[in-house]
Amino acid sequence: MSVELERRAALADRVGRLERMLEIRRTEESIQAMFAEGLVKGTTHTCQGQEAVAVAVAAATTQADVVTCTYRGHGHALALGMTPTSVIGEVLGKTVGSIGGVGGSMHLSDLTIGLLPTFAIVGAGIPVAVGAAIGRRATGTDAIGVATFGDGATNIGAFHEALNLAKVWDVPVVFLCENNLYGEYSRIDRTTPFEDLYRRGAAYDIPSRAVDGQDVDTLVDELSVEFEAARAESSPRFVEVKTYRFVGHSRSDTAPYRRSGELDEWLDRDPIQILGDRLVAEGVLSEEARAALESDVAERIDRATDDVKAAEAPGIEAMFAHVRAGSSI
Amino acid sequence: MSVELERRAALADRVGRLERMLEIRRTEESIQAMFAEGLVKGTTHTCQGQEAVAVAVAAATTQADVVTCTYRGHGHALALGMTPTSVIGEVLGKTVGSIGGVGGSMHLSDLTIGLLPTFAIVGAGIPVAVGAAIGRRATGTDAIGVATFGDGATNIGAFHEALNLAKVWDVPVVFLCENNLYGEYSRIDRTTPFEDLYRRGAAYDIPSRAVDGQDVDTLVDELSVEFEAARAESSPRFVEVKTYRFVGHSRSDTAPYRRSGELDEWLDRDPIQILGDRLVAEGVLSEEARAALESDVAERIDRATDDVKAAEAPGIEAMFAHVRAGSSI
Amino acid sequence: MLMRMNQAIAAGLRDEMRADPSVVVWGEDVAEAEGVFKATVGLHEEFGDRVRDTPISEMGFLGAAVGAAATGLRPVVEIMFIEFLGVALDQLVTEAAFYRYLSGGEVSVPLVVRGSVGGGLGFGAQHSQTLERWLIGSPGITVAMPSGARTAYGLIRAATRDDDPVVVLEPRALYAEREDFDPSDDHIIPLGTGELVQHGDDVTLVAMGNTVSVAKHAAREAAWTADVIDLLTIQPWDRNLVFESVARTGRLVVVEESPWSGGWGTDIVSAVAGELLDELRAPVVRVTTPDVPVPFAPDLEARYLPTSDEVVAQVDALLASGRSIGPWWTREGATR
Amino acid sequence: MLMRMNQAIAAGLRDEMRADPSVVVWGEDVAEAEGVFKATVGLHEEFGDRVRDTPISEMGFLGAAVGAAATGLRPVVEIMFIEFLGVALDQLVTEAAFYRYLSGGEVSVPLVVRGSVGGGLGFGAQHSQTLERWLIGSPGITVAMPSGARTAYGLIRAATRDDDPVVVLEPRALYAEREDFDPSDDHIIPLGTGELVQHGDDVTLVAMGNTVSVAKHAAREAAWTADVIDLLTIQPWDRNLVFESVARTGRLVVVEESPWSGGWGTDIVSAVAGELLDELRAPVVRVTTPDVPVPFAPDLEARYLPTSDEVVAQVDALLASGRSIGPWWTREGATR
Ligand SMILES: Cc1ncc(C[n+]2csc(CCOP(=O)(O)OP(=O)(O)O)c2C)c(N)n1
Ligand SMILES: Cc1ncc(C[n+]2csc(CCOP(=O)(O)OP(=O)(O)O)c2C)c(N)n1
Ligand SMILES: [Mg+2]
Ligand SMILES: [Mg+2]
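Chains as they are written, first to last, in this note's numbering: chain A, 216 to 544; chain B, 216 to 544; chain C, 423 to 758; chain D, 423 to 758.
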């Protein structure tokens, strides 16, 4: 079993979920720090605050399922099993990166863990997930597709066409909207008629509901119910996950546009805090064990970051490989 | 006042509406006959059975309002005031045509009567109507935009984006869906989760309702209520008009895909029959006057058809004019 | 056997679907109605659910085809008129075209997009263009265009077997044209290879789709003789075939059903001007459509499209004076 | 005054909005946030509702802009990265481009689409292309590309005043570049006119956008001298300026930030090969990007983009041997 699949399996355990959320948080922080230092060009979109969503999606899917996600995809990739070295490596454009450094922060990929190349175009992954579910089913599996996307993406045509198509074709795909209340610098109320986006599912007669995205325990349960329903009935589901990004939209954004007090309210619902506290309260983890876990993860990410910094940059051949079958220089 | 605007004004009168519906019916029949004879190349989409919708839209709008419609646009153009010669002339590619014969059946235009160039791309006219309402309002009028489109068009992205945008920007535009149950050769139940398309308006918090499209009297009243509400409140409305096309999708289509009995049911609700019978029953028209009206219109369209056949084809200069400002040969 | 081009396409799809269960066909009215242009006749009957009608949602079903192709199917998607790609282009050129690259070679997208193209049938400005220029320059995408039933059959089969996205642009005016051939594996045409369909010495005429018959006709009528090349694939195009011929004839006239600006011939002319200049005995000429929307009026549409008379006039001038006379509309005083 | 290109664009929009109340600016985060690239700074504050943020709905707001332009406004729409046009292309090239024609001249569409383009900043494969090829060949659409603050100001103003759709492709890498000029009507640049920015005798270098500085730098470093032309508008492009120069120098090298296949230079090379063959003393050369997705890794992206070293190498070869050495990747053995 590959290290990625082992990492995926580790999410069966609640402590494993806490550890993964910590790993995502530290990885994103490390990436942001490198951008701040000017070590990386371009842009990056991190997901601090939304870690529980990524972990719950990975925990509630099986290996055969296919997930599409966006430029804000580091958390999903790590949750599905991609290693921090692979994620950070891609962000820094190194050969150890997910696709060898030719993609950058917005382009991670590993179909062996069910992750299609992540999407830099808003909404583009939504119809693709519909097709991926069809493709997987055609090979005799009972797999489902999971399209993850943001609140802002519900205003783009591809969202509408994909949900309608999935319904009329009875495709086992779950449309999972991470409603973090902002699309780039615009709050949802300025771009969308209402905040409860699950209501949009009715336009396609797709069973739809909203769930809390900060408590990974309940989220895994709720998503499992929806995923298994889609799987069993071979029909689509729409799930709106209420969450929030604790950071700006992308590298340089300080998020001056937030409603005052909003960030603090959500910081009180930090998914890592919530699960950590509960595991300690339940006696599953001791305070010491929790602290040790946090420092272990921090160390591991620091090491991965250093490894990546020391790693090789791709050579000219990487630019001409995989353009089409057999292309090379 | 131009002949077109006089024709538009004539719809204030119920007999005028009956006459216009007859005119639309005969014009479409004449066009279909010429295609059948092989007098015209290309394709045409006629609207027999949907005449009341075109006439009611024209009767319920003012001169400043802007209407976008589709390739199935002959009826709307005639209702808004375009002359049969102009419509038939364009279909035959003659200089007397609406745009001089360079467009053909799918491309009619006359902004002086509120008609933007008709759209050959499904859904394309929907966001354009939103912008036209904004443009007209900017010039200080209280105009509204009216986007007319079919049931099939509610599955395309432009529909979704336009309705959302109109709502968040409070644009006075009415989205008028002519639900004739078929998109090309596919019945609505095979492409759309439900037939009551007005329900899709809820995804945008847009007031929405369905109305009967075969009785022009009630339809004018219902549309007037919605149009005036959009005008007064400067906000969008979604109206689903239940109707049916008595003919195939386009020139050669014999519509073998219809549900058995469906056509007959709808033929019993012929908008021309309904209004004609009622006007006679109410004593507004005598049987003789009704018969005279029918033969007058038939004659008029025959004459217009002959005139067009005898009219000139455009010269080479028409191909280079109006490509961009000042272009010519 | 005598076959119409639309029948040949259906036959090509049928043969691929029989050979490979992963081939599926999706599009608007391609299943029960067997296609607006009857290019999928018999497929739904024989293959059932593998042939599906879609809602009017090009972005939706093209995107779904990309996802299905990435996970093991070989979808063949019909875009009824190529202009409709304008509402879905992202999925083809920004997603499908980049997947192999953006997956480090792990994910391939064996997707075929069939689109009807071109003028001559009176469909008007928004249903008559060829638009190959939206695709050329998108790395990873192959773009082919048949010139009749045989080549349509051969290209459709090759496209379906290819492991990268292939767009087959089908000249609408040729769907009803008959050609005599026996559909079989022998007729599969390797993508990227053109055909020398007529031999001559004075000039090389490079054509594609509707213009192949225009070029052949011109070469038959004229006082001079020509190599006529049916390009068949425009991306990547057959350099060796074109260069070998031009090196021999010393003259190149590209006959394109595409606009003067950005037409597909510009790639070929540029390559020749860059690498065969010394072999050229005359200026390189392009016979194209003018930079105007496709007009509907029959006489105008006929005038708009490249004609064999114009090809003859251009080559005559090259041979007589060694100079190019410029496109007909500039001779008649068109302004931009 | 010293200005960054994004400041110059904002200044151009501001001046047009002051001069004409029908000018409005729409796009994602262009109002309150003043633009992702800060090219609309100050506009919302000064003009209020005339500057509007949109939902993420390119087809919706571009379509609305077409309708608004058809009914009396002059919308300037921002497409944040030009690739996003792939979800909305229909409204620009199939609707807006044809309205004047399809209304018999009654309806004009004074629409401006601003899109950021190009590489060099590490935005990766789906956010780094120029994609002018999606627009070239669409009748009625003007396509311009500035090379710095002054030309951006001049082109934005001209575009906003034009009565037909104009697309201004803004090289993203230049937004932060400073240039010293005083914004005023004198700086308005007529669409369709290029500028001869450097004079020389041995070769004509035609460049646009990011490659203008590449070409200038090459011409400064080299042993030969060159006319360097900043094209500024690619559709319609400045024939007279290019032809006059090439007729004099006898050599043409086009420096393009666009792919070898379908790059904008092919139109220019084709025209020259068709009309100036006798004046050419050497093959026509194109310095372009290879036909691959824009790679992210910094060294690779730098290698991907046209460099002044490559321009020098190409011209050196033309002058030395009269032959073209071919693009760098074929010299290094790239296969298609
Ligand atoms: C078609 C398209 N339009 C615009 C963008 C620019 N863009 C990138 S992310 C983003 C905001 C998306 O917001 P949301 O869907 O809520 O996802 P989030 O970033 O909050 O995760 C925008 C507008 C894009 N990438 N693609
Ligand atoms: C984007 C796009 N896709 C497909 C077509 C082909 N097409 C033309 S009309 C039509 C059916 C439209 O059905 P509906 O919206 O119900 O309108 P109706 O024809 O019934 O009036 C289709 C699929 C098109 N013109 N544009
Ligand atoms: Mg969001
Ligand atoms: Mg319909």
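We put the beta carbon where it would ideally sit given N, CA and C, even for glycine.
Tell me residue i's beta-bridge partners as DSSP assigns them.
i	result
A/Leu391	A/Thr363, A/Val454
D/Trp448	D/Arg474, D/Val499
D/Leu618	D/Ile651
C/Val589	C/Val535, C/Val565
C/Asp602	C/Leu424
A/Leu508	Paired residues: none, contrary to the question.
B/Ser543	C/Thr757
B/Phe334	B/Thr285
A/Ser401	A/Gly398
C/Thr711	C/Pro681
C/Val676	C/Val628, C/Arg708
Along chain C, which residues have their Cβ under 7 Å away from the Cβ of residue i?
i	result
D/Gln657	Ser683
Ignore the nearest five residues each way along the sequence and tell me which others in residue i's own chain have a CB closer than 7 Å to its CB.
i	result
A/Ile359	Asp280, Ala348, Pro387, Val388, Val389, Phe442, Ala445, Arg446
B/Asp450	One detail in the question is off: residue 450 of chain B reads as Ser in this sequence, not Asp. Asp385, Pro387.
D/Leu663	Gly616, Leu618, Ile651
Where does the unbroken alpha helix (DSSP H) through residue i begin, and where does it stop?
i	result
D/Leu702	From DSSP, D/Leu702 is part of no alpha helix (DSSP H); its letter is neither H nor E.
A/Pro342	340-353
D/Tyr523	521-524
Just to make sure I have the definition right: I need the residues of chain D whose C-beta is within less than 8 Å of the C-beta of residue i. Which are they?
i	result
C/Arg555	Arg555, Trp556, Ile558, Gly559, Gly684
C/Phe520	Ala547, Gln548, Pro715
Starting from the beta carbon of residue i, find every residue of chain B whose beta carbon is closer than 7 Å, and list them in chain order.
i	result
D/Thr493	Val281, Ala347, Gly350, Arg351
A/Tyr419	Pro408
Over what stretch of residues does the beta strand (DSSP E) that includes residue i continue unbroken?
i	result
D/Asp731	Careful: D/Asp731 lies outside any beta strand (DSSP E), inside the alpha helix (DSSP H) at 730-743.
A/Ser423	423-427
C/Leu627	625-629
C/Val383	Past the boundaries of the shown model lies residue 383 of chain C; chain C is included only from 423 to 758, so the question cannot be answered.
Since residue i meets chain A, which of its residues come closer than 7 Å, beta carbon to beta carbon?
i	result
C/Phe483	Leu380
Ignore the nearest five residues each way along the sequence and tell me which others in residue i's own chain have a CB closer than 6 Å to its CB.
i	result
D/Glu480	Phe506, Val509, Ala510
A/Val282	Gly329, Leu330, Val361
A/Leu490	Leu233, Val431
B/Ala470	Gly463
A/Val343	Thr283
B/Ser465	Thr258, His260
D/Arg708	Val676, Gly687
Which chain A residues sit within Cβ distance under 8 Å of residue i?
i	result
D/Ser479	Asn370, Ile371, Gly372
Mind listing the chain D neighbours of residue i? Cutoff is C-beta to C-beta under 7 Å, in chain order.
i	result
B/Ile487	What B/Ile487 touches in chain D: nothing, since even the nearest Cβ is about 30 Å away.
B/Ala344	Gly489
Could you work out which residues of chain A lie near residue i, taking near to mean beta carbons separated by less than 9 Å?
i	result
D/Thr757	Phe535, Gly541, Ser542, Ser543, Ile544
Using a Cβ cut-off of 9 Å, pull out every chain D residue sitting near residue i, in sequence order please.
i	result
B/Ala377	Ser479, Met481, Gly482, Gly485, Ala486
Spatial neighbours of residue i within its chain, please: C-beta separation below 8 Å, excluding the five flanking residues on both sides.
i	result
D/Ile563	Leu514, Val515, Ala518, Ala519, Leu557, Asp586, Pro587, Val588, Val589, Gln657
> What residues in the segment 701-721 of chain D bring their beta carbon closer than 8 Å to a beta carbon of chain A?
Replying inline: Of all residues in the segment 701-721 of chain D, only Pro712, Asp713, Val714, Pro715, Pro717, Phe718, Ala719, Pro720, Asp721 place a beta-carbon less than 8 Å from a beta-carbon of chain A.
>> Any C-beta of chain B within less than 7 Å: which residues of the segment 390-403 of chain A qualify?
In response: Taken residue by residue, none of the segment 390-403 of chain A has a beta-carbon sitting less than 7 Å from a beta-carbon on chain B.
> What residues from the segment 317-340 of chain A come within 7 Å of chain D, judged by C-beta to C-beta, listed N to C?
Replying inline: Of all residues in the segment 317-340 of chain A, Val317, Gly318, Gly319, Met321, His322, Ala335, Ile336, Val337 have a Cβ within less than 7 Å of some Cβ in chain D.
>> Counting only Cβ-Cβ distances shorter than 7 Å, please list the residues of the segment 509-539 of chain B near chain C, keeping chain order.
In response: Correct list: Ala528, Pro529, Ile531, Ala533, Met534, Phe535, Val538.
>> Beta-carbon distances below 6 Å to any heavy atom of ligand 6 define the shell here; list its residues in chain order, please.
In response: Ligand 6 is not among the ligands present in this structure, which contains only ligand 1, ligand 2, ligand 3 and ligand 4.
>> At a CB distance below 9 Å, what residues from the segment 243-257 of chain B approach chain C? Give them in sequence order.
In response: Cβ contacts with chain C: Val255, Lys256, Gly257.
> Which residues, in order along the segment 500-518 of chain D, keep a beta-carbon less than 7 Å from a beta-carbon of chain C?
Replying inline: The segment 500-518 of chain D vs chain C, Cβ under 7 Å: Glu505, Gly508, Val509, Leu511, Asp512, Val515, Thr516.
> Name the residues in the segment 452-474 of chain D whose C-beta lies less than 8 Å from a C-beta of chain A; which are they?
Replying inline: Listed in sequence order: Glu454, Ala455, Val458.
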